[in-house]
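Working notes, beginning with the structure itself.
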Amino acid sequence: LSISQQTISRWENGVSRPKLEMIYRLAEALKVDSNFLQELAGYKILAEPNSLALPLPLELLTPENFERFCLYFLSELYYGKASVHRVGKSGHKQNGADLIATFENGQVWTFQCKREANFGPEKVSAAIEAHTEKSKKKHILLSRVASPQARKVIETLKDWFIWDKEDVSRLLRSLSKDQQRRLVQTFFPGQQ
789 LSISQQTISR WENGVSRPKL EMIYRLAEAL KVDSNFLQEL AGYKILAEPN SLALPLPLEL
849 LTPENFERFC LYFLSELYYG KASVHRVGKS GHKQNGADLI ATFENGQVWT FQCKREANFG
909 PEKVSAAIEA HTEKSKKKHI LLSRVASPQA RKVIETLKDW FIWDKEDVSR LLRSLSKDQQ
969 RRLVQTFFPG QQ
């Protein structure tokens, strides 16, 4: 897997731990359950991994992979209705939008992907202020559950929406079984 001895030593000494993507690769190479390795590495394991009532563990994704998950999710959600693409990546001028969905009628919706431990009303206001991309509807996608205070900021604006991990999980379950399976197998192997 091209892992340096120094990296392995840091894992063994508890100085660092493998990233989640690496855990899946290690589990495959060692032919062990990825949940077992996640537990050893100190990641929170879902108590009921097969329960359909639980939200997706979006907070376990890196910020880059959370944005990529959102791209794939929206592409499936709007399949045949809109073209969805990224607006560059971190470091590019994005006008406050990470993803853009362009519908057949020409309408544009934008999406900001926020994978942060806390995303309160101040951060919601800052995200709104930073948004300059022209769009009919504007969304903030959160990897965590939105606080009531964050939702209150959005409620005052008719063209802004927050979709937190509960909303995204619910919307994902409205997709066909094949679409759901593809997304879960791609981003959460072993959680199907």
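Per the numbering used here, the sequence shown starts with residue 789, numbered consecutively. Positions of the beta carbon are idealized from the N, C-alpha and C atoms, including for glycine.
Discussion item. One question on the structure: do Ser923 and Ala870 come within less than 9 Å of each other, judged by their Cβ atoms?
Written reply: Against a cut-off of 9 Å, the Cβ pair of Ala870 and Ser923 comes out as no contact.
Discussion item. What does the alpha-carbon distance come out to for the pair Leu846 and Gln793?
Written reply: 30 Å
Worksheet item: Beta carbon of Arg903: closer than 8 Å to some heavy atom of the ligand ATP?
Response: You won't find the ligand ATP in this model; it holds no ligand whatsoever.
Worksheet entry | Enclosing beta strand (DSSP E) for Ile928 [first to last residue] | 925-930
Worksheet item: From Ile811 to Ser790, what does the alpha carbon distance come to, in whole angstroms?
Response: Distance between Ile811 and Ser790, taken at the CA atoms: about 14 Å.
Item to complete: Indicate whether Leu929 and Phe899 have their beta-carbon atoms separated by less than 9 Å.
Response: One thing to note: Leu929 has its Cβ within 9 Å of the Cβ of Phe899.
Worksheet item: Just the Cα atoms here: how many angstroms apart are Ile942 and Ile950?
Response: 7 Å
Worksheet item: Under the DSSP definition of a beta bridge, which residues are partnered with Phe891?
Response: Ala870
Worksheet item: For the beta strand (DSSP E) that Gln882 lies in, which residues bound it at each end?
Response: Careful: Gln882 lies outside any beta strand (DSSP E) and carries neither H nor E.
Discussion item. Can you tell me where the alpha helix (DSSP H) holding Lys940 begins and where it ends?
Written reply: 936-943
Worksheet item: What residues are listed by DSSP as bridge partners for Ile811?
Response: In DSSP, Ile811 forms no bridge with anything.
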